[in-house]
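Listed in order, the protein sequences are those of chains A and B.
With my numbering, the residue at position 23 of the first sequence is 23, and numbering never jumps.
With my numbering, the residue at position 87 of the second sequence is 87, and numbering never jumps.
Glycine included, C-beta positions come from ideal geometry on N, C-alpha and C.
To start, the structure itself, in structure tokens.
2 protein chains.
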Amino acid sequence: MVQHSPIDRTFAALADPTRRGILERLGTGSATISELAEPFGITLTGTKKHVQVLEDAELVSTAKVGRERRCSLGPRRLDDVEQWVAMYRRMLEERLDRFGELIERTKGVHP
Amino acid sequence: MVQHSPIDRTFAALADPTRRGILERLGTGSATISELAEPFGITLTGTKKHVQVLEDAELVSTAKVGRERRCSLGPRRLDDVEQWVAMYRRMLEERLDRFGELIERTKGVHP
Chain A
1 MVQHSPIDRT FAALADPTRR GILERLGTGS ATISELAEPF GITLTGTKKH
51 VQVLEDAELV STAKVGRERR CSLGPRRLDD VEQWVAMYRR MLEERLDRFG
101 ELIERTKGVH P
Chain B
1 MVQHSPIDRT FAALADPTRR GILERLGTGS ATISELAEPF GITLTGTKKH
51 VQVLEDAELV STAKVGRERR CSLGPRRLDD VEQWVAMYRR MLEERLDRFG
101 ELIERTKGVH P
């Protein structure tokens with residue numbers, strides 16, 4: 001029914017603490033699947049699955065180097081996620097402003 | 001295994017275009033389940049499920065008014081999501097800076 005767009009896949013990929021941890025680790029430099037698996041104490045199969053979700057969301061790119069697969073960040077920049085979150089924040093603030101004005105009018109405040 | 005924290009639930013809740021649409025609609029004011037269902041062309045049951053996911057993530061609060069359930073935004077502010085995305089952007093930029101420096105050194109550029 002619903003077509004999943006890049007922003008959907010990105011939000012879904014970021015909804016897991018291990019996947020966010022993998023991205024944070026890759027921020028310090030590229031790593032193999034086994035280097036990623038170790039600090040999180042998860043299996044290679046589990047790590048590969050998380051990396052696949054991140055790769056589908058274009059948050060991670062991988063390349064075969066010899067017998068290993070090296071993972072690095074990118075190419076996605078999260079601009080659309082940032083814009084959506086900023087829009088939501090503005091929306092909340094406007095709602096609070098309107099609520100504040102309503103309270104002021106109800107109180108009939110005079111300086 | 002993995003405990004789902006508020007930020008996990010929030011990212012997961014935002015990973016669906018209908019749920020983001022519901023939040024955008026609630027930004028203009030509160031609405032009943034049927035008012036929310038109509039513009040998206042989804043069933044009441046489907047709408048209730050989406051609202052439940054948003055409520056679990058504290059992005060929506062609901063209150064029974066007479067025979068209807070009114071939905072409104074809040075109380076969650078997305079501060080943690082915003083911080084995580086900003087951290088990710090800084091990380092990407094630092095990585096690009098390091099990459100740029102490496103290229104400059106490799107080229108042995110002299111002004």
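Check: Under 7 Å between C-beta atoms of D56 (chain B) and R25 (chain B); Outcome: no
Check: 7 Å Cβ cutoff, E35 (chain B) in contact with chain A; Outcome: no
Check: 7 Å Cβ cutoff met for T32 (chain B) and R70 (chain B); Outcome: yes
Check: Straight-line gap, T106 (chain A) to H4 (chain A) (C-alpha atoms, nearest Å); Outcome: 45 Å
Check: DSSP bridge partner residues for K64 (chain A) (one or two, in chain order); Outcome: A:R69
Check: DSSP state of T32 (chain B) mapped onto helix, strand, coil; Outcome: strand
Check: Cα-Cα separation, V53 (chain B) to A15 (chain B); Outcome: 11 Å
Check: Close-in-space but distant-in-sequence residues of the same chain around S34 (chain A) (CB under 7 Å, 5 per side omitted); Outcome: L44
Check: CA nearest to the CA of E38 (chain B), picked from B:L96, B:I22, B:G29, B:I103; Outcome: B:I22
Check: Nearest neighbour of D79 (chain B), chosen from A:R77, A:E82, A:L78 [CA to CA]; Outcome: A:E82
Check: Contact set between F99 (chain A) and chain E, taken where Cβ atoms lie within less than 7 Å; Outcome: No chain E appears in this structure, whose protein chains are A and B.
Check: Residue nearest to R20 (chain B) in terms of C-alpha spacing, selected from B:L59, B:G100, B:P75, B:A63; Outcome: B:L59
Check: Nearest to R77 (chain B) (by Cα), restricted to the options B:V51, B:R89, B:S61, B:F99; Outcome: B:S61
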